[in-house]
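So the sequence lines, in the order shown, correspond to chains A, B and C. Positions 76 to 457 (our numbering) are the ones given, in order, by the first sequence. Positions 9 to 236 (our numbering) are the ones given, in order, by the second sequence. Positions 85 to 508 (our numbering) are the ones given, in order, by the third sequence. C-beta: ideal position from N, C-alpha, C; glycine also. A quick note: this is a predicted structure, and the numbers were derived from the prediction, not measured.
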Amino acid sequence: MEGKKFKKYKMYLKMVTSSLLRRRSRMIVALLAIIIGATILSGMITVYYDIPRQMGSEMRSYGANLVLIPSGEGMTADDVNEAKKYFPTSGEVVGIAAYRYSTGKINEQPFMVAGTEFDAVKKVSPFWHVTGSYPSASGEILIGQDVAELLHVLTGDIVTLYGNAGDSSIYSADLRISGIVKTGGTEEGFIYMTLSDLEGLIGGTGKIDAAECSIVATASEIDTAAAEIAARVPAVSAYPVKKVTSSEQAVLSKLTSLVLLVTIVVLILTMICVSTTMMAVVAERRREIGLKKAIGASNRNIIVEFLGENIFLGGLGGAFGILFGFLFAQAVSMNVFSRGITFQPLLIPVTLAASVVITVAACLLPVRNAAEVDPAIVLRGE
Amino acid sequence: MNVLELKNISKIYGSLKALSEIDLVVKKGEWLAIMGPSGSGKTTMMNIIGCLDKPSSGSVILDGKDIAKENAAGLTAIRRDKIGLIFQQFHLVNYLTALENVMVAQYYHSMPDEAEALQALEKVGLKDRAKHLPAQLSGGEQQRVCIARALINSPMLILADEPTGNLDEANEGIVMDLLQGLHDDGSTVIVVTHDPEVAEKAQRTVILEHGRIARIIENSSAEKADET
Amino acid sequence: MFFRMIKGVLIRQRKKMLMIAVTVALGVSLATAVLNVMLDVGDKVNQELKAYGANINVIPRGAFLLNDLYGIDMENGISDKYLDESQIGNIKTIFWSFNIVDFTPYLELSGKANNEKVKIVGTWFNYELKLETGEFRTGMKNLKTWWQVSGAWLEDSDADAVMVGSIYASRNGIKTGDKITLNVADAVREFTVKGVFDSGSSEDEYVYLPLSVVQEMAGLAGKVSRIEVSALTTPDNELALKAAQDIKSLSIKEYETWYCTAYVSSISYQIEEVITDAVAKPIRQIAESEGAILDKTQLLMLLITVLSLAGAAVGITNLVTASVMERSQEIGLLKAVGAKDSAVILLIFTEILITSTVGGIIGYFVGLGFAQIIGQTVFSSAIAIKAMVIPIIAVSVFVITLIGSIPSIKMLLSLKPAEVLHGR
Numbered sequence: 076m077e078g079k080k081f082k083k084y085k086m087y088l089k090m091v092t093s094s095l096l097r098r099r100s101r102m103i104v105a106l107l108a109i110i111i112g113a114t115i116l117s118g119m120i121t122v123y124y125d126i127p128r129q130m131g132s133e134m135r136s137y138g139a140n141l142v143l144i145p146s147g148e149g150m151t152a153d154d155v156n157e158a159k160k161y162f163p164t165s166g167e168v169v170g171i172a173a174y175r176y177s178t179g180k181i182n183e184q185p186f187m188v189a190g191t192e193f194d195a196v197k198k199v200s201p202f203w204h205v206t207g208s209y210p211s212a213s214g215e216i217l218i219g220q221d222v223a224e225l226l227h228v229l230t231g232d233i234v235t236l237y238g239n240a241g242d243s244s245i246y247s248a249d250l251r252i253s254g255i256v257k258t259g260g261t262e263e264g265f266i267y268m269t270l271s272d273l274e275g276l277i278g279g280t281g282k283i284d285a286a287e288c289s290i291v292a293t294a295s296e297i298d299t300a301a302a303e304i305a306a307r308v309p310a311v312s313a314y315p316v317k318k319v320t321s322s323e324q325a326v327l328s329k330l331t332s333l334v335l336l337v338t339i340v341v342l343i344l345t346m347i348c349v350s351t352t353m354m355a356v357v358a359e360r361r362r363e364i365g366l367k368k369a370i371g372a373s374n375r376n377i378i379v380e381f382l383g384e385n386i387f388l389g390g391l392g393g394a395f396g397i398l399f400g401f402l403f404a405q406a407v408s409m410n411v412f413s414r415g416i417t418f419q420p421l422l423i424p425v426t427l428a429a430s431v432v433i434t435v436a437a438c439l440l441p442v443r444n445a446a447e448v449d450p451a452i453v454l455r456g457e
Numbered sequence: 009m010n011v012l013e014l015k016n017i018s019k020i021y022g023s024l025k026a027l028s029e030i031d032l033v034v035k036k037g038e039w040l041a042i043m044g045p046s047g048s049g050k051t052t053m054m055n056i057i058g059c060l061d062k063p064s065s066g067s068v069i070l071d072g073k074d075i076a077k078e079n080a081a082g083l084t085a086i087r088r089d090k091i092g093l094i095f096q097q098f099h100l101v102n103y104l105t106a107l108e109n110v111m112v113a114q115y116y117h118s119m120p121d122e123a124e125a126l127q128a129l130e131k132v133g134l135k136d137r138a139k140h141l142p143a144q145l146s147g148g149e150q151q152r153v154c155i156a157r158a159l160i161n162s163p164m165l166i167l168a169d170e171p172t173g174n175l176d177e178a179n180e181g182i183v184m185d186l187l188q189g190l191h192d193d194g195s196t197v198i199v200v201t202h203d204p205e206v207a208e209k210a211q212r213t214v215i216l217e218h219g220r221i222a223r224i225i226e227n228s229s230a231e232k233a234d235e236t
Numbered sequence: 085m086f087f088r089m090i091k092g093v094l095i096r097q098r099k100k101m102l103m104i105a106v107t108v109a110l111g112v113s114l115a116t117a118v119l120n121v122m123l124d125v126g127d128k129v130n131q132e133l134k135a136y137g138a139n140i141n142v143i144p145r146g147a148f149l150l151n152d153l154y155g156i157d158m159e160n161g162i163s164d165k166y167l168d169e170s171q172i173g174n175i176k177t178i179f180w181s182f183n184i185v186d187f188t189p190y191l192e193l194s195g196k197a198n199n200e201k202v203k204i205v206g207t208w209f210n211y212e213l214k215l216e217t218g219e220f221r222t223g224m225k226n227l228k229t230w231w232q233v234s235g236a237w238l239e240d241s242d243a244d245a246v247m248v249g250s251i252y253a254s255r256n257g258i259k260t261g262d263k264i265t266l267n268v269a270d271a272v273r274e275f276t277v278k279g280v281f282d283s284g285s286s287e288d289e290y291v292y293l294p295l296s297v298v299q300e301m302a303g304l305a306g307k308v309s310r311i312e313v314s315a316l317t318t319p320d321n322e323l324a325l326k327a328a329q330d331i332k333s334l335s336i337k338e339y340e341t342w343y344c345t346a347y348v349s350s351i352s353y354q355i356e357e358v359i360t361d362a363v364a365k366p367i368r369q370i371a372e373s374e375g376a377i378l379d380k381t382q383l384l385m386l387l388i389t390v391l392s393l394a395g396a397a398v399g400i401t402n403l404v405t406a407s408v409m410e411r412s413q414e415i416g417l418l419k420a421v422g423a424k425d426s427a428v429i430l431l432i433f434t435e436i437l438i439t440s441t442v443g444g445i446i447g448y449f450v451g452l453g454f455a456q457i458i459g460q461t462v463f464s465s466a467i468a469i470k471a472m473v474i475p476i477i478a479v480s481v482f483v484i485t486l487i488g489s490i491p492s493i494k495m496l497l498s499l500k501p502a503e504v505l506h507g508r
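The structure is reproduced here in structure tokens:
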């Protein structure tokens with residue numbers, strides 16, 4: 076009995092594979108349709124899932140979304156590191172720029188002097204527009220556009236800055252202007268130098284007046300982190316920069332729903348396209364169905380054969396679709412965001428299942444119709 | 009013993025009466041030809057005998073069973089078990105080899121048996137062409153595959169619709185010899201044709217005209233062949 | 085006879101032709117929808133990005149934006165130069181006036197609240213500005229969408245009410261409904277706290293009043309210290325950067341292009357032209373990031389569009405191929421009765437073209453529907469219908485059906501009529 080079953084099974088497989096392999100041009104037409112559908116499915120879903128993350132990183136060009144300032148006593152670099160532990164774990168920390176502020180005078184004009192690390196500034200505030208260059212050596216400063224206009228100085232000029240050193244004595248330093256910064260904001264009225272330079276002038280190693288943090292995270296994650304830091308790190312008060320966080324949230328959610336809707340429309344239309352192609356491919360085989368019925372195939376026989384073929388087609392098309400879809404999403408991500416994409420393993424079963432179900436559903440309807448048809452009519456070639 | 013009995017059958021398509029009040033009895037082992045000009049109801053009769061269609065009225069008793077009472081699935085089962093069909097246009101599954109085309113009939117009937125299918129091909133002289141696809145076979149060879157497929161399940165009745173209609177003379181001869189051989193082995197054969205030469209080979213020829221049996225001719229030559 | 089045959093096919097082969105029409109309609113509706121959305125997505129996202137607030141700061145020439153950062157007190161933060169309030173409306177008269185979404189003036193002064201030093205800001209909240217071209221509502225309510233206000237927003241007509249920042253309020257234990265006394269210049273007045281706002285920035289330490297109230301108390305009628313403008317802008321390119329360096333370095337043609345493009349720098353320049361002694365500075369944090377995000381979004385949509393269009397194209401091609409293959413027998417017959425290859429091709433092609441034209445027209449309107457659904461759902465506004473989509477799609481459908489027919493026509497021409505008719 077086992078042998079008999081096996082023989083039938085073997086013949087079934089032979090019929091299915093022969094149908095696929097020996098009708099190559101037709102099969103390619105069908106397979107192509109399925110591959111396109113599956114590619115669009117997996118590609119669009121990958122892009123959709125990756126958009127919030129990618130755009131979130133992109134939104135970091137708006138600058139800091141969390142600001143740490145001392146609560147009372149004063150804050151040190153250690154406190155900032157302590158606070159960093161409570162940052163949202165999911166998001167990448169783009170940068171933390173620590174600032175120390177002091178006042179100083181040039182040509183009897185008072186200015187705010189800020190000490191910071193410029194590598195961090197470049198990451199946190201990518202919108203700064205510097206003519207000249209950021210200070211790279213000790214004794215170099217970056218000045219705001221307003222300061223430059225007021226003092227009538229240019230890049231490369233040397234200015235003398237003096238002010239109160241920590242111990243109530245007066246410091247005086249000759250500093251070279253390495254660049255002029257334009258932001259359109261308050262930064263244009265500041266003088267920037269490296270943190271170590273400023274500490275050298277006014278003393279007080281390790282003290283920080285403010286730390287601007289740029290973190291890839293949602294508004295609520297930032298709020299949670301701020302509350303957490305306030306509770307756990309007594310020396311630090313954390314403030315979400317609402318203008319950035321909540322606006323970012325609004326824009327991101329719009330973008331995500333835009334891509335979602337476009338994805339849905341594209342998917343629905345693609346699925347219908349795949350279905351019509353499958354129907355056309357099946358319609359061509361009415362005569363074959365008629366013949367098989369004439370020599371004794373039951374409707375069930377016919378349907379089971381098509382089922383086998385299309386499960387195979389759907390599976391193969393789905394597999395290619397997963398591959399191409401990933402490549403597409405990767406290409407989009409590299410082109411748009413210059414970043415790779417994370418592969419969603421869940422997409423493998425989803426895409427495979429969807430392409431098999433759609434392929435099978437698209438052909439079963441016409442096959443059922445064809446199977447119902449009187450074999451005599453089909454055989455006469457009408 | 010009667011293989012087939014048609015009792016007062018009529019077939020009506022809309023207002024057209026394709027067959028009217030046909031009575032016919034076919035005995036086991038008989039070779040019958042159905043002849044007539046176009047539009048005489050040949051194809052309709054062939055469809056009804058071949059269980060591809062049902063009459064509008066009357067009864068068709070095949071092997072003691074009235075097929076007029078069967079539904080589509082029942083007709084399919086009867087076709088599968090009792091009838092071997094041979095078509096004018098061969099109708100082979102074009103993506104299966106000659107051997108596989110024969111095995112398909114076995115598959116739907118019971119179970120595929122390669123050795124038996126190969127034997128059937130040998131019988132029609134195509135053993136060496138077993139692995140060829142229909143497109144690689146000549147018309148005559150395709151028709152022989154079709155015959156091998158028709159006889160593979162040892163049907164009660166072999167029904168051929170213009171089996172030589174698309175063939176040249178040489179192939180016509182081969183096919184007719186094969187049918188003769190089937191008849192000699194005891195199969196019941198019905199051939200639908202408009203070719204008198206083909207009809208001549210049968211024991212009896214039923215002439216259809218305007219949906220009625222105009223006359224029935226007993227072919228003496230065939231009778232003789234049968235006796236020897 | 086040719087047309088009779090075509091008519092015959094179109095009517096009698098209705099089902100098959102319907103399938104081609106449906107597929108073409110689907111493909112075209114997809115293309116129409118994504119193309120229209122793509123072409124409009126820039127404007128739409130630009131609108132959304134306005135949530136980040138103003139991108140241009142207009143200050144008096146010679147004044148400096150020496151505000152305090154993070155609440156660090158700075159005496160010299162207040163300038164004594166002012167802009168003229170009556171000229172604010174001019175912003176809506178510049179070349180790119182339609183791109184000006186919102187603006188609001190500020191009069192910022194040092195003052196005292198309950199005898200404690202505080203920064204006092206007079207501004208517009210939901211001000212109705214009368215212009216020659218009609219009325220324009222603008223102010224903080226539109227500009228600072230992220231502010232969270234407990235209590236209520238001020239009205240511009242509130243003469244004895246203030247809004248205070250959350251940091252100031254919590255430091256001094258002030259709640260909505262409390263009374264506070266403000267000293268501005270020599271004037272002293274009592275106000276009710278109408279609302280407490282949380283802006284998440286240094287503004288949380290300030291006290292806000294309607295502009296006219298502050299002007300009256302400070303004796304600075306018709307004066308404002310700066311204006312924030314929110315404008316829809318085009319992302320900067322090389323030309324904009326060149327102009328930002330030095331406008332005089334532009335050739336006349338470049339200057340015209342630059343002036344007539346909605347770069348943040350050209351809009352700033354045009355604002356400077358209409359307000360006396362003003363300097364309009366792009367707020368780079370907003371302006372530049374907007375540009376980056378707009379570019380990304382448009383590129384993203386472009387790629388999605390390309391994928392959908394490719395999908396639609398291959399889908400149509402595929403179906404045309406499949407449906408012509410299906411008709412091999414009929415075409416074999418035509419050839420058997422003596423049709424020339426060219427006649428067969430012409431026949432098939434005309435049929436398909438007529439079918440896809442019908443499908444395409446239907447698809448176009450369905451696609452517009454999809455685009456509007458997307459627009460309304462995502463942006464709550466209609467997607468602008470771009471006429472240029474029509475020729476793009478018409479040409480693509482023509483080319484795609486042509487390409488789609490090629491493999492099938494090639495196959496059909498290789499058919500031998502006898503074989504087809506004998507059912508091989």
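Collapsed DSSP secondary structure at residue i in the structure displayed
i, result
"C/Asp157", "Its pLDDT being 40, under 50, C/Asp157 is placed unreliably by the model, and the measurement read from it follows with that caveat. It is coil, neither helix nor strand."
"A/Val222", "helix"
"C/Gly422", "coil"
"C/Asp127", "helix"
"A/Ala240", "coil"
"C/Thr207", "strand"
"C/Gly279", "strand"
"A/His204", "strand"
"A/Val228", "coil"
"A/Thr293", "coil"
Distance between beta carbons of residue j and residue i, contact taken as under 8 angstroms
i, j, result
"A/Met134", "A/Leu327", "7 angstroms"
"A/Thr331", "A/Pro127", "6 angstroms"
"C/Val481", "C/Gly444", "5 angstroms"
Strand pairing of residue i, partner residues [DSSP]
i, result
"C/Asp168", "C/Lys307"
"B/Val200", "B/Ile42, B/Asp169"
"C/Asn267", "C/Lys196, C/Val272"
"C/Phe220", "C/Leu213"
"B/Val214", "B/Ile42, B/Ile224"
Going along the chain, which residues of the stretch 252 to 270 of chain A sit with their C-beta nearer than 7 angstroms to a C-beta in chain C? Answer set for the stretch 252 to 270 of chain A: Lys257, Thr258, Gly259, Gly260, Thr261, Glu263, Gly264.
Kindly confirm or deny that the stretch 321 to 329 of chain C and the stretch 109 to 118 of chain C touch, where touching means at least three C-beta pairs closer than 8 angstroms. Output reads no: the stretch 109 to 118 of chain C does not touch the stretch 321 to 329 of chain C.
Are three or more beta carbon pairs between the stretch 289 to 297 of chain A and the stretch 310 to 326 of chain A nearer than 8 angstroms? yes
Three Cβ pairs or more, each shorter than 8 angstroms: is that satisfied between the stretch 193 to 210 of chain A and the stretch 177 to 185 of chain A? no
Along the stretch 41 to 67 of chain B, where does the CB come closer than 7 angstroms to a CB of chain A? Name the residues. Asn55, Leu60, Asp61
Just by C-beta distance, which residues in the stretch 290 to 312 of chain C are closer than 7 angstroms to chain A? none
Taking Cβ-Cβ distances below 8 angstroms as the criterion, which residues of the stretch 207 to 226 of chain B are in contact with chain A? none
When Cβ atoms are compared, which residues of the stretch 105 to 129 of chain B fall closer than 9 angstroms to chain A? Listed by position, the residues of the stretch 105 to 129 of chain B near chain A (Cβ gap below 9 angstroms) are Thr105, Glu108, Met111, Val112, Ala113, Gln114, Tyr115, Tyr116, His117, Ser118, Met119, Pro120, Asp121, Glu122.
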